[in-house]
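J.: Okay, here's the structure, questions in a sec.
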Amino acid sequence: MAPSRKNISVAMLLIVIVAAVCPLCSMAFACEVHTECRHLSGNYEGPCWGFDDSCGDTCIAESSENMYGYCDCDFKCWCYTC
């Protein structure tokens, strides 16, 4: 059974959306990432999309040492202490 044109169109649209929302980790802010002072949020639940400040708010509420939070391209909330 051949795939329908509608299914192929939906799959292509999904690929385009994911590519637009999630740039390749190796290309996105490569010079600005401080890996020695980042850690996964212990309280953030679900995939982190970065459309709002929920990751940052969660990180700041989690610890006074956290300066901000950022949704990385792995859809996880990372907290930064520096």
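Each residue of the sequence shown is one higher than the one before, counting from 737 in our numbering. For every residue, glycine included, the Cβ atom is placed at its ideal position computed from N, Cα and C. The model shown is predicted, which means the values in this text are computed figures rather than measured ones.
Does the beta-carbon distance from residue 818 to residue 805 come in below 8 angstroms?
T.: no
J.: Would residue 771 be called buried (16 or more neighbouring beta carbons within 10 Å of its own) or exposed?
T.: exposed
J.: Would DSSP call residue 778 helix, strand or coil?
T.: coil
J.: With distances taken from CA atoms, which of 808, 753, 775 is nearest residue 796?
T.: Residue 796 has its Cα closest to that of 775, out of 808, 753, 775.
J.: If you draw a straight line from the alpha carbon of residue 801 to that of residue 743, how long is it in whole angstroms?
T.: 47 angstroms
J.: Is the beta carbon of residue 773 sitting closer than 8 angstroms to the one on residue 786?
T.: no
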